[in-house]
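Structure, as structure tokens:
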Amino acid sequence: MGAMVLRRIGEPLAWEERPLPQPGPGEVRLRVEACAVCRTDLHVVDGELPGGPLPIVPGHEIVGRIEAAGPGVALIPGSRVGVPWLGHSCGHCPYCAEGRENLCDAPQFTGFTRDGGFATHVVADAGYAFPLESLIDPVAAAPLMCAGLIGWRSLKMAGEGRRIGLYGFGAAAHLLAQVLRWQGREVYAFTRAGDGAAQALARQLGAAWAGGSDQMPPEPLDAAILFAPVGALVPLALRAVRKGGRVVCGGIHMSDIPSFPYSILWEERQILSVANLTRADAAEFLALAPRAGVRAETTTYPLARANEALDDLRHGRFQGAAVLVP
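Residue numbers for the sequence shown follow the working numbering, beginning at 22 and rising by one.
In structure tokens:
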């Protein structure tokens, strides 16, 4: 098998030929069909998420076909599955016992603490390999495995409000906007100042308004979801939401949040963070996405050009999501 490997923080990924991995008990080996490139992958390769082992194969928005299954696995070889960021939970800590496996005390993360999908093959925990037979395009399905799932969990935490602001109109936001419009809610898209292409995509997807992240929306928001990893957006979003509104931080990493006056938090506004996902989130979203007609805007790259895809993501050179195709 071949893989793009992070050997040292700050260095480009390097191509390696490796022996074909064998699945252990409760695991499956996939032949990777597509793996989307997430901002979290940038946090991994840039060293902004400390503690992961090296070398590591990044990538956690994986779609592939099962080639082999270890003992105790009911999934059928040949079937298509998707593998997300949360790649394993212990099943017995207090959080797992409460059904909050996203907060597991002994988790494994795909592409961070276990090898991920920037490769021709990957071994995954069968409990975190979600059937995708209803999604026939692996390239379009790959961004759903993180951008879609984290967007969905963020929306659940944002509540049932009608006017929803999305800060950072990239992979997650452009998928979530489609869900919001299907639900009959209003989308307010906030982008980098002057990013006309992202604003045009937001309007194309039905946004009621699109503007710079330094602007105020024309109406107070019921909730705001931040996908851009920029802590300075938190006070701006607090000013944009109504009394009792929520600001949800959807990323795993964010720059420091600057100090802000208590007056913009007062009146029962809330700041919430999202951590990982649960399998229930995946079941809900993957059933909903086809009904809502969710379709990812994608730019494809050969696996060997993973470094180029990461750099293009870092500099905002495409709309939607980048997807590696082995």
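From the three backbone atoms N, C-alpha and C, an ideal C-beta is built for every residue, glycine too.
Pick from A301, A304, P239 and L226 that is closest to G314, judged by C-alpha positions: Selected option, being the one with the closest Cα: L226.
First and last residue of the uninterrupted beta strand (DSSP E) at G108: L107 to H109 is the span of the beta strand (DSSP E), which, as asked, contains G108.
Coil, strand or helix - M25 by DSSP: In the structure shown, M25 sits in a strand (DSSP, three-state: E or B).
Top-ranked residue by Cα proximity to G91, from T131, V84 and R50: Cα-wise, what sits closest to G91 is R50.
Status (buried if at least 16 other CB within 10 Å, exposed otherwise) for R29: Of the other Cβ atoms in all chains shown, fewer than 16 fall within 10 Å of the Cβ of R29; this residue is therefore exposed.
For P241, the nearest candidate out of W230, A261 and P256 (CA to CA): The shortest CA-to-CA distance from P241 to any of W230, A261 and P256 is the one to A261.
Reference V144, options S155, F130, L156 and E154, closest by Cα: The shortest C-alpha separation from V144 is found at F130.
Top-ranked residue by Cα proximity to C56, from L156, A296 and G85: Of L156, A296 and G85, the residue nearest in Cα terms is G85.
Close-in-space but distant-in-sequence residues of the same chain around L124 (CB under 7 Å, 5 per side omitted): Answer for L124: Y116 and A296, listed in chain order.
Beta-bridge partners of F151, as assigned by DSSP: G103, per the DSSP bridge assignment.
Where the beta strand (DSSP E) through Q291 begins and ends: Counting along the chain, the beta strand (DSSP E) containing Q291 begins and ends at Q291 to S294.
Supposed contact pair A179 and R300 - C-beta distance, whole angstroms, cut 8 Å: Not quite, the Cβ-Cβ distance comes to about 21 Å (not below 8 Å), so this is no contact.
Own chain residues within Cβ distance below 7 Å of A303, not counting five before or after: P105, F151 and L170.
6 Å CB neighbourhood of A327 in its chain, flanking five on each side removed: Around A327, the same chain offers M25, L34, F139 and L345 as residues with beta carbons nearer than 6 Å, after the five sequence neighbours per side are excluded.
E318 versus G45 - alpha carbon distance: In a straight line, the C-alpha of E318 is about 35 Å away from that of G45.
Per DSSP, cross-strand counterpart(s) of H142: Beta-bridge pairing links H142 to R52.
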